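J.: If you scroll down you'll find the structure; I have some questions about it.
Numbering (this note's numbering), first residue to last: 15 to 298.
Shown next as C-alpha cells:
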C-alpha cells in the first residue's frame, strides 16, 4: 500500500486532520466494537514521546486530533507537548475522549480548541440532561471550547432509540453542545448496511433538513460512500508500535501502511499523500 507515497523533494501535502493515539492497545473500557481492537500490528507498546513529537513536527496537517483513552493519567505530558506543537503551527488541537474522562479531568482540555465526547451506552447512560450538564460545566471552565458529541450506533436497539425514538434530535437540540456526529461502527456489522442508512436518513429527513453539516454530521463513509456527499475526508493516524510508530492513511483500517522509527522517512513517504481511494472495510 505504500506505493502511493512516492519519494519527492516537493513540499509535503497536508494530511488534513492528523489523528494521534497515545496507546497501542484498547483502552480500559474495552468496547467489543472498537476499531482499535482490530488493529493487527500495534500491540503493547510504550509511547516514545520524542519520536512522536518529531514525526508530527515533520508532517503537514491542518488539525491535530489526539485520542485519550481510559485510564487518562498518562496523557497529560503528551498532550502538553502536542498542544505546544499545534500552537507553534497555529493549528487547532482536538481531543477525543469519553464523558467520564472529561468530567474527571477537564484540565486536559485547557489548550484544546475542541473536545469530541464519545457517547454510547457502553460508556455510560445516554441521557441528554446529563450530557448537557457536562457540556455546561466544560463551557463554564473554557467558554471558547467547541464541544462535539460522537454518538455511535452500537446496537440495533440503540440505533432505534436514536433515530425512531428521538434521542438524536434531543442531543442535537442541546444548546451547550456545538455539534453532533452520528458515528457508524467500523467495520459495519451486518445490520448497519446501505439499506439501513438509506432508511435512517429518510426517517431523519426533518432533522437533516435543518441541521445537516451545521449541527449534525454523518459518518464519513455514509456521507462519502453511500450518499455521495463529497469525497473521503481522510483521517491519517499515528500510534505507538513495538517498532516505533505506526502510520495509517485511515484511522479505521486494521493494518498499518508504515511502521518505523525514522520521522524523515515517514515525511518523505507522505509528500504525495492522497485520501484512500476505497474504504478499508466493505459497505454492503
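A virtual CB, placed ideally from N, CA and C, is assigned to each residue, including glycine. Predicted model only: the values in this text are computed from it and were never measured.
When the Cβ atoms of the segment 159-179 are set against those of the segment 254-261, are three or more pairs found closer than 8 angstroms?
T.: Here the segment 159-179 makes no contact with the segment 254-261; the two share fewer than three CB pairs at distances below 8 angstroms.
J.: Residue 171: buried (16+ other C-beta within 10 angstroms of its C-beta) or exposed?
T.: exposed
J.: Flag this pair as touching only if the segment 242-252 and the segment 262-277 have three or more C-beta atom pairs under 8 angstroms; answer yes or no.
T.: yes
J.: In three-state DSSP terms, what is residue 211?
T.: helix
J.: Work out the CA separation of residue 200 and residue 132 for me, nearest whole Å.
T.: 15 angstroms
J.: May I ask you to report which of helix, strand or coil DSSP gives residue 119?
T.: coil
J.: Assign residue 31 to one of three DSSP states: helix, strand, or coil.
T.: strand
J.: Leaving out the 5 sequence neighbours to the left and right, which residues in its chain are closer than 6 angstroms to residue 267 when beta-carbon positions are compared?
T.: 294
J.: What number of angstroms, rounded off, separates the C-alpha of residue 181 from the C-alpha of residue 103?
T.: Going by the C-alpha atoms only, they are around 39 angstroms apart.
J.: Looking at residue 125: is its Cβ nearer than 7 angstroms to the Cβ of residue 95?
T.: Cβ distance not < 7 angstroms, so residue 125 and residue 95 don't count as in contact.
J.: Can the beta-carbon of residue 168 be found closer than 7 angstroms to that of residue 211?
T.: no
J.: Using only the alpha-carbon positions, how far apart do residue 176 and residue 115 sit?
T.: 23 angstroms
J.: For residue 254, which residues does DSSP report across the bridge?
T.: 259
J.: So what does residue 274 bridge to, in DSSP terms?
T.: For residue 274, which the question treats as bridged, DSSP gives the partners 259.
J.: Within the same chain, show all residues whose beta-carbon is closer than 6 angstroms to that of residue 33, passing over the 5 residues directly before and after it, in chain order.
T.: 79, 249, 251 and 265
J.: In the DSSP output, which residue or residues are listed as bridge partners for residue 264?
T.: BP columns for residue 264 point to 249.
J.: Look at the Cβ atom of residue 134, then the Cβ atom of residue 83, and state whether they are nearer than 7 angstroms.
T.: no
J.: Can you give me the Cβ contacts of residue 65 inside the same chain, cut-off strictly under 8 angstroms, excluding the 5 residues immediately before and after it?
T.: 258, 259, 275 and 277
J.: In the DSSP assignment, the alpha helix (DSSP H) including residue 177 goes from what residue to what residue?
T.: 170-177
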